[in-house]
Amino acid sequence: MSTETIPTPRSSYAPPRTRGVNWEKWGWMYMRISGLFLVILIFGHLFVNLVAGDGVRAIDFAFVAGKYSTPFWKVWDFAMLWLALIHGANGMRTLVNDYARKPLLRRVFLVAILVSTILLILLGSLVITTFDPCPAGMAASALPSFCPAP
Amino acid sequence: MPENSAGTLATPPSATPRIKPPRRLAGTVYRGREGMWSWVLHRITGTAIYFFLLVHILDTSLVRLNPGAYNGVIDTYKTPIMGLGELGLVIAIVYHALNGLRIIAIDFFAWGPKRQRALFIGVIVLWVILIAGFAPRQIANIILEATGHPSA
Ligand code: HEM
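Protein chains in written order, with our numbering: chain A, 1 to 150; chain B, 1001 to 1152.
Printed below as a string of structure tokens:
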């Protein structure tokens, strides 16, 4: 025979978790740590692409190929891609948790954020790592000056 | 509880005293005033930047898939309307970045919450200075592009 236990009045019904990884805390930390790096990465990106030289007028395929002729901007853009997209996606997760009240709707939004983030990170990473500055079949005028004449 | 239960209607409902809400929202760091508005702006700018980033990854991916198409898309980024859009985007990201640093200072340093109002004023001042530096340059580039001035 078991005796019935009656919970102590006014005790908290959900004791604070003490075991397992506290993902929410690390997500919170991630927003702040990635933010610090993003300030440098994004301000540098904006300065080189929109302020220096002719700004937005200078941007075309040859401009990108010139930047990607050394690993420097590849590493820069790679870090920016991962840090910014995960930061933005996690921020949007907060918004969905705040505003999407219906459980199904919330699930749909959260899955959409997750899937789009994974796909775009894969796409962006592939583009940066497999970039070809002198693709075959392009007019020489659209290629950077260092490409061999066809 | 039923609203009009017998015995509670001794006085007509119109005589119920009405308590007005306070005229200004204020009270904590996050309710009313700069604490709340900085958060509202942070949320709006973060969302706007996020949706731009989704598009920006896709358009930049054309450098790998189809360089000619990349040039075509980037040419639309040089039109006056898109040029102003870029200005708006920079305005949003500069605010979000500066206020993000303010949030970090509030969360990690003892002096942060005490100085949050001064930090907010600092964010606004730096924001205005940086945009005052960027806007003329961007507008000059828009005009030079629209008037067919060749880029150097
Ligand atoms: C430039 C450097 C950046 C800094 C310093 C920064 C900083 C922050 C911080 C500290 C938070 C607050 C997180 C919290 O309250 O727990 C945040 C939220 C957010 N950030 Fe950023 N961020 C930056 C760039 C970006 C970028 C590039 C995006 C978009 C891709 C973005 C999108 C968001 C979103 C959507 C939120 C959630 C807003 C909310 O919960 O109200 N941020 N950011």
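Every residue, glycine too, gets a C-beta built ideally from N, C-alpha and C.
Item to check | Any C-beta of chain D under 8 Å from that of residue 100/A | outcome: Reference to chain D is not applicable here, since the protein chains of this structure are A and B.
Next on the checklist: Could you check if residue 44/A belongs to the surroundings of the ligand HEM, using beta carbon to heavy atom distance under 7 Å?
Outcome noted: no
Next on the checklist: I'd like to confirm something about residue 1137/B: is its beta-carbon nearer than 7 Å to some heavy atom of the ligand HEM, or not?
Outcome noted: no
Next on the checklist: I need the boundaries of the alpha helix (DSSP H) containing residue 1035/B, first residue and last residue.
Outcome noted: 1033-1065
Next on the checklist: List, in chain order, every chain A residue whose beta-carbon is nearer than 8 Å to that of residue 1050/B.
Outcome noted: 88, 89, 91, 92
Next on the checklist: Going by DSSP in three states, residue 1020/B sits in which element: helix, strand or coil?
Outcome noted: The three-state secondary structure of residue 1020/B, taken from DSSP, is coil.
Item to check | Short CB-CB distance (under 8 Å) between residue 124/A and chain B | outcome: yes
Item to check | Given residue 30/A as reference, the closest of 55/A, 85/A, 120/A, 70/A once Cα atoms are compared | outcome: 85/A
Checklist entry - Using a C-beta cutoff of 8 Å, does residue 141/A count as contacting chain B? => result no
Item to check | Contact under 8 Å by Cβ, residue 83/A with residue 1086/B | outcome: no
Checklist entry - Going along chain B in order, which residues have a C-beta closer than 7 Å to the C-beta of residue 131/A? => result 1063, 1064
Checklist entry - Can you find a CB in chain A that lies within less than 8 Å of the CB of residue 1095/B? => result No, its Cβ sits nowhere closer than 8 Å to a Cβ of chain A.
Item to check | Pairwise C-alpha distance: residue 1057/B and residue 1124/B | outcome: 29 Å
Checklist entry - Is there at least one Cβ from chain B nearer than 8 Å to residue 75/A's Cβ? => result No, its Cβ sits nowhere closer than 8 Å to a Cβ of chain B.
Item to check | Any 3 or more C-beta pairs closer than 8 Å across the segment 122-142 of chain A and the segment 93-103 of chain A | outcome: Too few Cβ pairs lie closer than 8 Å, so no.
Next on the checklist: Just checking residue 1072/B against the ligand HEM - is the residue's beta carbon closer than 7 Å to any of the ligand's heavy atoms?
Outcome noted: no
Next on the checklist: Does residue 1063/B pass the burial test, meaning 16 or more other C-beta atoms within 10 Å, or should it be called exposed?
Outcome noted: buried
Checklist entry - Got a sec: which bits of the segment 1127-1143 of chain B sit with their beta carbon under 7 Å from any beta carbon on chain A, in order along the chain? => result 1134, 1137, 1138, 1141
Item to check | residue 37/A versus residue 5/A - alpha carbon distance | outcome: 53 Å
Checklist entry - Can you tell me whether residue 1051/B is buried or exposed, with buried defined as 16 or more other CB within 10 angstroms of its CB? => result exposed
Item to check | In chain order, each alpha helix (DSSP H) run of at least 4 residues that lies wholly inside the segment 10-81 of chain A | outcome: 23-46, 61-67
Next on the checklist: Can you check whether the C-beta of residue 1034/B is within less than 8 Å of a C-beta belonging to chain A?
Outcome noted: no
Next on the checklist: Taking CB distances under 8 Å as the criterion, tell me whether residue 27/A reaches chain B.
Outcome noted: no
Checklist entry - Shorter than 8 Å from the beta carbon of residue 146/A to some beta carbon of chain B? => result no
Next on the checklist: If contacts are defined as beta-carbon pairs under 8 Å, then residue 146/A and residue 69/A qualify, I think. What distance do you get, rounded to the angstrom?
Outcome noted: 7 Å
Item to check | Closer than 8 Å to chain B by CB, residue 103/A | outcome: Judged by the 8 Å Cβ criterion, residue 103/A is not in contact with chain B.
Item to check | C-alpha gap between residue 1001/B and residue 1019/B, whole angstroms | outcome: The pLDDT assigned to residue 1001/B is 48, lower than 50, so where the model puts this residue is not dependable; a value taken from the coordinates is nonetheless given after this. Taking the straight line joining both Cα atoms gives about 21 Å.
Checklist entry - Does any C-beta atom of chain A lie closer than 8 Å to the C-beta of residue 1001/B? => result Unreliable placement is indicated for residue 1001/B, whose pLDDT of 48 sits below 50; no coordinate value is reported for it.
Checklist entry - What whole-angstrom Cβ distance do residue 1061/B and residue 91/A have, given they're in contact under 8 Å? => result Their Cβ separation, rounded to whole angstroms, is 23 Å, which puts residue 1061/B and residue 91/A out of contact at 8 Å.
Item to check | residue 87/A - DSSP class collapsed to helix/strand/coil | outcome: helix
Item to check | Residue range of the unbroken alpha helix (DSSP H) whose run includes residue 137/A | outcome: Run containing residue 137/A: none; DSSP gives neither H nor E here.
Item to check | Under 8 Å by beta carbon: chain A residues contacting residue 1084/B | outcome: Here the premise fails: no neighbours, minimum Cβ distance about 11 Å.
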